[in-house]
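Right, one structure below, let's go through it.
Numbering (my numbering), first residue to last: 16 to 390.
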């Protein structure tokens with residue numbers, strides 16, 4: 016019988032930036048790790064993750080989705096009754112619960128409360144997200160009993176940490192578990208691209224200068240702001256390349272001086288990042304925004320809105336890019352008109368925002384929760 020603590024990580028879906036972190040945690044071997052996902056994927060997440068998913072101890076919970084779509088976003092509420100026997104029979108010492116928005120997470124929190132089992136909440140949310148008065152009131156009534164009662168928290172960054180604190184979790188009970196990528200691998204690949212810049216520009220038909228957007232084409236990503244700001248720059252502006260798909264595709268396709276590339280795999284994205292003048296992330300609602308990590312690791316400055324969770328931790332104004340008020344199209348246009356300096360990843364905050372840092376933080380949070388220091 017293993018003397019290692021048994022830890023269950025409960026997450027909505029596998030994501031390409033979280034799986035390498037889970038794999039590294041499992042490889043270190045300090046805990047007996049099992050990961051349960053509520054679904055294998057969602058309709059608007061065209062990721063290829065089979066190889067990485069096969070490298071970690073995981074299961075996909077049986078269940079069914081309830082889906083609500085809008086022009087701004089798609090919300091999927093997964094219903095997974097199979098989480099109940101997993102919790103009851105699993106013999107887990109600690110639960111790491113990836114939020115409280117879907118059935119399995121809600122059941123896991125209730126189970127932990129009833130059985131007095133320690134649990135950590137892993138959250139991306141931040142206080143800058145636009146919310147109606149009704150939602151804000153409901154959160155103020157409910158979340159102190161969910162977040163404040165947790166043994167500890169895993170926040171993806173500083174904004175998420177403040178969110179946990181606002182709902183009753185003490186700062187010393189919160190660890191940063193970063194949303195990130197393999198920074199060194201991206202940096203090396205980007206340098207190889209720049210070494211072959213002329214060849215790649217010719218083969219991919221890329222302009223000498225261009226602005227780049229990477230993401231789903233939905234309202235929450237600020238697509239209308241992006242097109243409005245770019246249009247305001249006039250005919251001499253660098254072309255805007257848009258890598259993504261979504262319900263607002265028709266809004267982008269055919270816009271002046273804009274090229275729609277569709278969904279791009281990682282290798283192609285690194286080429287686009289490495290040769291871009293800037294990445295633009297004008298979101299209205301962006302809990303983190305891993306595209307910020309990707310661009311900075313490739314040495315490319317980022318223009319982000321204040322709604323982007325990653326901006327506070329990774330962008331120093333004028334060094335790694337610009338942060339502009341969310342929804343302020345003139346401010347966005349001014350930032351897009353600048354030729355910002357290239358980023359040196361190892362001398363920037365992104366250089367420390369690594370999987371190794373995440374593994375360390377995960378184990379510290381687990382040890383704290385199980386030893387009672389988080390109480």
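Note that beta-carbon positions come from the ideal geometry of N, C-alpha and C, so glycine has one too.
My assumption, with CB atoms under 8 Å, is that residue i sits in contact with residue j. Please give the rounded CB distance.
i           : j           : result
residue 382 : residue 135 : With a Cβ gap of about 11 Å, residue 382 and residue 135 do not count as contacting.
residue 237 : residue 299 : 5 Å
residue 51  : residue 110 : Incorrect: roughly 10 Å between the Cβ atoms, too far for contact.
residue 227 : residue 325 : Actually they do not touch by this definition, with Cβ atoms about 16 Å apart.
residue 156 : residue 168 : That pair is no contact at about 19 Å.
residue 120 : residue 175 : Not really, about 16 Å apart at Cβ, beyond 8 Å.
residue 242 : residue 107 : Contact flag wrong, Cβ pair sits at about 48 Å.
residue 32  : residue 305 : 5 Å
residue 232 : residue 263 : 4 Å
residue 376 : residue 192 : 5 Å
residue 373 : residue 68  : Actually they do not touch by this definition, with Cβ atoms about 18 Å apart.
residue 213 : residue 360 : Not really, about 23 Å apart at Cβ, beyond 8 Å.
residue 99  : residue 366 : That belief does not hold up - the Cβ atoms of residue 99 and residue 366 are roughly 43 Å apart, past 8 Å.
residue 166 : residue 133 : 4 Å
Would you call residue i buried or exposed, if buried means 16 or more other Cβ atoms sit within 10 Å of its Cβ?
i           : result
residue 29  : buried
residue 390 : Annotation note: pLDDT 46 at residue 390 (below 50); position unreliable, no value reported.
residue 160 : exposed
residue 425 : Because the chain in this structure spans residues 16 to 390, residue 425 falls outside the shown range and cannot be described.
residue 82  : exposed
residue 294 : buried
residue 148 : exposed
residue 310 : buried
residue 130 : exposed
residue 172 : buried
residue 257 : buried
residue 38  : buried
residue 103 : exposed
residue 261 : buried
residue 268 : exposed
residue 339 : buried
residue 327 : buried
residue 358 : buried
residue 259 : buried
residue 125 : exposed
residue 151 : exposed
residue 200 : exposed
residue 70  : exposed
Based on Cα-Cα distance, which residue from the options lies nearest to residue i?
i           : options            : result
residue 281 : 303, 229, 163      : 229
residue 97  : 348, 123, 190, 294 : 123
residue 336 : 308, 342, 343      : 308
residue 245 : 342, 221, 352, 265 : 352
residue 301 : 333, 143, 49, 95   : 143
residue 313 : 47, 330, 286       : 286
residue 207 : 288, 153, 159      : 288
residue 72  : 57, 34, 103, 56    : 34
residue 225 : 197, 198, 315, 171 : 315
residue 49  : 21, 166, 92, 264   : 21
residue 356 : 107, 132, 374, 333 : 333
residue 162 : 200, 362, 114      : 114
residue 378 : 41, 25, 18         : 41
residue 364 : 195, 212, 170, 262 : 195
residue 401 : 296, 331, 343, 342 : As displayed, the chain neither begins before 16 nor continues past 390, which places residue 401 out of reach and without an answer.
residue 343 : 38, 78, 53, 247    : 247
residue 94  : 329, 112, 204, 116 : 116
residue 371 : 43, 27, 259        : 43
residue 204 : 284, 112, 268      : 284
residue 90  : 126, 177, 25, 235  : 235
residue 384 : 177, 189, 78       : 189
residue 25  : 45, 112, 70        : 112
residue 456 : 181, 128, 279, 137 : What is shown of the chain runs 16 to 390, which leaves residue 456 out entirely.
residue 54  : 70, 46, 47, 76     : 76
residue 240 : 170, 222, 177, 266 : 266
residue 27  : 80, 221, 19, 158   : 80
Name the DSSP beta bridge partners of residue i, please?
i           : result
residue 112 : 25, 136
residue 190 : 169
residue 274 : 256
residue 377 : Looking at the DSSP assignment, residue 377 forms no beta bridge with any residue, so it has no partner.
residue 83  : 90
residue 48  : 22
residue 337 : 318
residue 73  : 50
residue 227 : 256, 294
residue 332 : 336
residue 323 : 301
Review point. Using 8 Å as the threshold, is the region 310-328 in touch with the region 215-224, meaning 3 or more CB pairs across them?
Key: no
Review point. Does the count of Cβ pairs from the region 330-349 and the region 179-199 closer than 8 Å reach three?
Key: no
Practice item. Would you check if the region 238-257 and the region 267-287 touch, i.e. whether three or more CB-CB distances between them fall below 8 Å? Key: yes
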